[in-house]
Structure formats: structure tokens, C-alpha cells
Amino acid sequence: MAIGRKEVEHIATLARLSLGEEEKARLEKDLNAILGYVEKLSALDTKGVEPTSHTLEITNAFREDVLKPFEKGEKILGNAPAKRETFFQVPPIAEDVSST
Amino acid sequence: MEYEPVIGLEVHAQLNTSTKIFCSCSTEFGAPPNTHICPVCTGQPGVLPVLNKKVVEYAIKMGLATHCTIARVSRFARKNYFYPDLPKGYQISQYELPLAEHGFVEILVDGDTKRIGLTRIHMEEDAGKLVHPGSFTDTPYSLVDYNRSGVPLIEIVSEPDMRSPREAGAYLRTLRAILRYLEISDGNMEEGSFRCDANISVRPRGSEKFGTRTELKNMNSFRNVEKALEYEIERQIAVLESGETVVQETRLWDAAAGVTRTMRGKEEADDYRYFPDPDLLPLVVEESWVEDVRKSLPELPSEKRDRLVSQYGIPLYDAEVITAEKAVADYFEACVAVCDAPKQASNWVMVEVLRELKESKREITDFPVTARHLGEMILMIEKGTISGKIAKTVFAEMVATGDPPEKIVREKNLIQVTDQEAIEAVIDEVLSENPEQVDRYRGGKTKLLGFFVGQVMKKTKGKANPQMVNKILKEKLDK
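From first to last, the protein sequence lines are chains Z and X.
Each step along the first sequence adds one to the number in this note's numbering, with nothing skipped, and position 59 is 59.
Each step along the second sequence adds one to the number in this note's numbering, with nothing skipped, and position 352 is 352.
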């Protein structure tokens, strides 16, 4: 799939980036180059090859169940575009049922 | 036409670890908003989740307790969706290769045991909590609390094996009991540490093919799950009977109105674009770990129930009620150890004790009547020191004061009158005061015996031994 100017602008909106015209042109070219590279992979026959979910041959990184409170939580809240008391504020959401 | 419902349930249970699944923040419930947050659970760029080992251990426990196969290799995946309660834009869950699969639990409905299959159990993180000020549909803004974001959950998915709302209720109670026996979750539906979504369809009885299903959400008690299912079964049958077809959709239970409603806003087909989370390494659970966990499993509810039946000879139903909570079962056994009268103990625990707990909304561990005191009281009944009727008074006093039964019986002068002569004297009094009834009794109206017993009990303030009263009365009347 080729990336056009419209897609670049859409992705920029989703990523909360405001781009100049020159940047848009460059990103359009870069994104197409990246996708074109990945497309090459589909020429390979991967039948019977286990999908790689991780590049390192290691497993099991655990932590123990030990409490280490983060001290600067209010700074995270401070970075929010909108807050109210100690809540993050977001646009109205009419349905209170998440998918979890 | 006769229809049959087909029900499958998805349960989310919060694990009661100290810290979240991928960071070291506290999981404490009810803390001020956004006081248990960090860069990981608020999805800051560049952070790395690290798996809490205890979460895996707890999930293995549940898997083993429900006869699942524990996967040697399992994997975490990203479930992508946009919602403000999910700061990263994805939930870390498991998709392909869940930790546990192919299990079952046994439920007891109307004395019959039925096996309900478990498709899978997997680990995932909880999302944050949304708060809507003002009215629900007309809120000016929404607020987010991320304290719950990253709290560990296990999702337990059943096979579509249930055929009635009651079976669904029994299944949920069974799962909850297992979680609580394992001490890995509070299983509190009202507080949200145990949540249930239901998949339900109906089909003509005898048909092999499943009907179109709907998914029900927003049920916050076992009773509400059953009610929502009952409603939805009727609704789907009515749709089919009118010649229309059931629409596959998610519906919300409105407990106040007692109906399910189409859920707006999320009608587009779910495409979560699952893919393996590159931030997390594959999870390998060696057989030795599984065996260690297996050795640590406590006696589970169904095992305890069956043991109570065989060890004490109490009915299966009694044992099922008593073992729903481990603490209640422990109380029962401690009580029997004192009084050695299992059936009497199970009656008192099932009826009086559970009723008192329910009315006072107390846990048995906070109950003023200790198992020892109840056992001593039952022993007094068994020995004839007090009557069963007086015992109710003694029990109420024990609940109110926490005093031992001997003290109450002594101070309130409640000891049963078993003195033959004393009882005879009262009976003679009653007979001479009621010559008319005596004549009618002797004339064949033997039902009047109850009247005489009542009069004797009244005069002795319930303290006369009922068996003796009956026996002496009969002797005197039938003379």
C-alpha cells in the first residue's frame, strides 16, 4: 500500500504532530521507502517457520512482588493537557464499559 | 416451540498481589485518585514493563485448581484499542499461547453434579477507572483514575456449557469459592474484583446448532447475572417467535429497569490487532515450578465438601452450603470438635449463623459467637441441659453479648426442667384447669395434645423438657 499526503496528515493528527509542508513531503517519501522494504519480505517462503515474537534468545524476566511507590506521580498528572483535582480530564465518554 | 439457552461466561478476577502486574505500584483499593501511578502504568514513552512473578504463580494456582493444562511457553500480546482508561492505547494481555487451557470445574445444581469446561485462563492488566460527573449521557467531561491501571487480572473463559441461568450462577459461585480458597482474589463483585460478561444464545431444544449470541455486560452481582440472563433468554425467544433474527451485539444490563439494552458507541466489529508484545519476553514455566505450585494447593471447596460428607455424615447439600466459604467450613469443623454432633452443628451453622452473618453483613471471623461457644451450646442441648427452643434464646444472647452459653444459661436461669415430679406437678395443674379439653381429648380428639404441651411450656417458660412433657402428658391423659 502506498502512502499519500492524506495518510501522512492523518498519522500526524493521530500522533499529535503538527508538520510543515516540507516535513510532510519528506515523511511521505520515507514512509513509502520503509513500507517498500518490508514488502520485499513477503517474497520469502515462510511456510513452516515459527513466527519470531522476540529477537533475543532469552526468557523469563521477573520482578518480585515488592512495593516501590513512584514518588513523582503528581508530575505525571502535571503533564496532562487537562486535569481536575487529582483526576486526568478527558472529553466526555458516554459508555462506561471498557473491553477488559 | 421449546427453546434451550446456551450460556458461556467470561470472568475477570483481580489478583490480590501487593503490586501491579508490570510495575511496583500498589494495588490498594480505594486510594485517592492517581496516587498509585508511575511511568509504566500511565504509558509514558520509553518505559519497560517487568512481569510480577507472583501473578504467574497465582495464575498457575488457578489453572491447576481448575484442572487446566499449564503451557510450558506462553506469551503476552498487545490488544489495541483507543479508550481513555487505557493510557498506552493497548492492553497487555495474552492471545495465542495463554498460560492455561482445557480445564473444567464441577458445579452442583439441585443435587446433580455437572462439569463446565474452561477454554482458557490468561493473565492481563486492568484498565483505569472512568468517572462521569453529572448525568451519565449528558456529562460535560470524563475523569480518569489510573490507580487500577496495571492491576493484575486473570480472565477465565468457559465453554458454552451452561443451559440455565441457575447453572451460570452456580458456576460463578464455584469459581469465586475456588479463588477465595486459593487466597489469590477477594472475588468481590460489588467492588469489581470479580467481573462477569455473558455470552448467550437460544436454540430449539434438541438442536445441535448454536443460535446467534449476544454478549451481556454490566452485571454487578451474581443475582444480576442470573436476572440478566433470564431477561435475555425471554427476549431472544420473543424475537425468534416473531419470525425475526437475533442480532449479534453487546447489550448492557440495566439493573434498575430490569432489561438489557443495545450498547451504543462500539458497534463496529472489534479489531484489536493483537500482536506479541516486544517489551515482554516469552514466559517459560518449567514442570518443576508447576509441581511446586501443585504441592502448595490447599484443600479445594469440592474436596472439602466431599470430605465433610464422608467424615461427618452430613447431607451433600449442607456440605455444599458450609464449604462455600473456607472460614465457615473451618468454623463448622471447630464446632463439631467440641460438640461431636455434626448434623446439629451443620443445622445451626447453615440456618442461624449464616442468617445472622447476612443480616449484620459480618464475616464469620468477626462473629461474636465463637465455634467453641456454639459447640458448647449444642452440647448442652444434646445433654438435655437446655431445650432446643430455649437454645434459640441462648443463641440470640450469645450473638448480642459474646458470652459463653453456660454463663447465659446460669444467669438467666434457663436450665431445662427434667425433674419428673416438678413436671408432673405442672401437668396436673394444667389438666385440672382445663377439664373440658381433657374430656374432649379422652373422647377421641387426641390432636389436643399440642394444646396441653403448649400450656405446660407456658407455665415453665419453655424450660420443661419437651420429650418428658409429651410422655407424662400421654400417660396421664390415656389413663
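Cβ coordinates follow ideal geometry from the N, Cα and C atoms, glycine included.
{"Asked": "Burial state of His10 (chain Z), where buried means 16 or more other Cβ atoms lie within 10 Å", "Found": "exposed"}
{"Asked": "Among X:Ala177, X:Val284, X:Cys335, X:Arg440, nearest to Glu108 (chain Z) - alpha-carbon criterion", "Found": "In the structure displayed, chain Z extends from 1 to 100; residue 108 (chain Z) sits before or after that span and is not available."}
{"Asked": "Pro152 (chain X) and Val55 (chain X) closer than 8 Å at C-beta", "Found": "yes"}
{"Asked": "Exposure label - Gln420 (chain X); buried when at least 16 CB within 10 Å", "Found": "exposed"}
{"Asked": "Whether Arg213 (chain X) touches Asn199 (chain X) by CB criterion (8 Å)", "Found": "yes"}
{"Asked": "The stretch 59 to 79 of chain Z: positions lying closer than 7 Å to chain X by Cβ", "Found": "Thr59, Asn60, Ala61, Phe62, Arg63, Glu64, Asp65, Val66, Leu67, Lys68, Pro69, Phe70, Gly73, Ile76, Leu77"}
{"Asked": "Nearest-angstrom Cβ-Cβ length linking Gln236 (chain X) and Val202 (chain X), presumed shorter than 8 Å", "Found": "5 Å"}
{"Asked": "Ser26 (chain X), buried or exposed, once every other Cβ within 10 Å from all chains shown has been counted against 16", "Found": "buried"}
{"Asked": "Stretch pair the stretch 138 to 148 of chain X + the stretch 76 to 92 of chain Z: three plus CB contacts closer than 8 Å", "Found": "yes"}
{"Asked": "Reference Phe103 (chain Z); option with closest CA among X:Ile37, X:Ser18, X:Pro405, X:Ala59", "Found": "The question about residue 103 (chain Z) has no answer, for chain Z in this structure spans 1 to 100."}
{"Asked": "Residue nearest to Arg115 (chain X) in terms of C-alpha spacing, selected from X:Val399, X:Pro204, X:Ser158", "Found": "X:Ser158"}
{"Asked": "Whole-angstrom distance between Gly444 (chain X) and Val417 (chain X), CA atom to CA atom", "Found": "30 Å"}
{"Asked": "CB contact below 8 Å: Phe87 (chain Z) versus chain X", "Found": "yes"}
{"Asked": "Straight-line Cα distance separating Lys20 (chain X) from Val293 (chain X)", "Found": "21 Å"}
{"Asked": "Beta-carbon gap between Lys461 (chain X) and Leu431 (chain X) smaller than 8 Å", "Found": "no"}
{"Asked": "Rounded straight-line distance, which links the Cα of Glu106 (chain X) to that of Val64 (chain X)", "Found": "A quick correction: the sequence has Leu, not Val, at residue 64 (chain X). Approximately 14 Å, taken between the alpha carbons."}
{"Asked": "Strand pairing of Ser201 (chain X), partner residues [DSSP]", "Found": "X:Val6"}
{"Asked": "Three-state secondary structure assigned by DSSP to Val38 (chain Z)", "Found": "helix"}
{"Asked": "Three-state class that DSSP yields for Asn147 (chain X) in the structure shown", "Found": "helix"}
{"Asked": "Ala127 (chain X) burial status per 10 Å Cβ neighbour count (16 or more: buried)", "Found": "buried"}
{"Asked": "For Thr401 (chain X), the three-state DSSP class (helix, strand or coil)", "Found": "helix"}
{"Asked": "CA-to-CA distance, Thr69 (chain X) to Lys83 (chain Z), given in whole angstroms", "Found": "46 Å"}
{"Asked": "Glu267 (chain X) at chain Z interface by Cβ criterion, 8 Å", "Found": "Because Glu267 (chain X) sits at a pLDDT of 45, beneath the cut-off of 50, its placement in the model cannot be relied upon, and the following sentence gives the value as read from the coordinates. Cβ-Cβ to chain Z under 8 Å: no for Glu267 (chain X)."}
{"Asked": "CB-CB length for Ser185 (chain X) against Ala13 (chain X), believed under 8 Å", "Found": "4 Å"}
{"Asked": "Sub-8 Å separation of Tyr3 (chain X) and Arg205 (chain X) beta-carbons", "Found": "yes"}
{"Asked": "Under 9 Å by beta carbon: chain X residues contacting His10 (chain Z)", "Found": "Neighbours of His10 (chain Z) on chain X: none; closest Cβ ~14 Å, over 9 Å."}
{"Asked": "Straight-line Cα distance separating Tyr171 (chain X) from Leu27 (chain Z)", "Found": "55 Å"}
{"Asked": "Cut-off 8 Å between Cβ atoms - residues of its own chain near Ile3 (chain Z), not counting five sequence neighbours on either side", "Found": "Glu28, Leu31, Asn32, Leu35"}
{"Asked": "Neighbourhood of Phe275 (chain X) by C-beta distance below 7 Å, restricted to the same chain and skipping five residues each side", "Found": "Ala77, Arg78"}
{"Asked": "Interface flag, Leu51 (chain X) vs chain Z, CB-CB below 8 Å", "Found": "yes"}
{"Asked": "With 16 other Cβ atoms within 10 Å as the buried cut-off, status of Leu118 (chain X)", "Found": "buried"}
{"Asked": "Chain Z within 8 Å of Lys227 (chain X), Cβ atoms only", "Found": "no"}
{"Asked": "Chain-ordered chain X contacts of Arg16 (chain Z) [CB-CB under 8 Å]", "Found": "Residues of chain X passing the Cβ test: none, with the nearest at roughly 12 Å."}
{"Asked": "Beta-bridge partners of Pro276 (chain X), as assigned by DSSP", "Found": "X:Ala77"}
{"Asked": "Val97 (chain Z) - DSSP class collapsed to helix/strand/coil", "Found": "At Val97 (chain Z), the pLDDT of 45 sits below 50, so the modelled position is not reliable; the number obtained from the coordinates is stated separately. Coil, per DSSP."}
{"Asked": "Residues that Ser42 (chain Z) contacts on chain A, provided the C-beta gap is smaller than 7 Å", "Found": "No chain A is present in this structure, whose protein chains are Z and X."}
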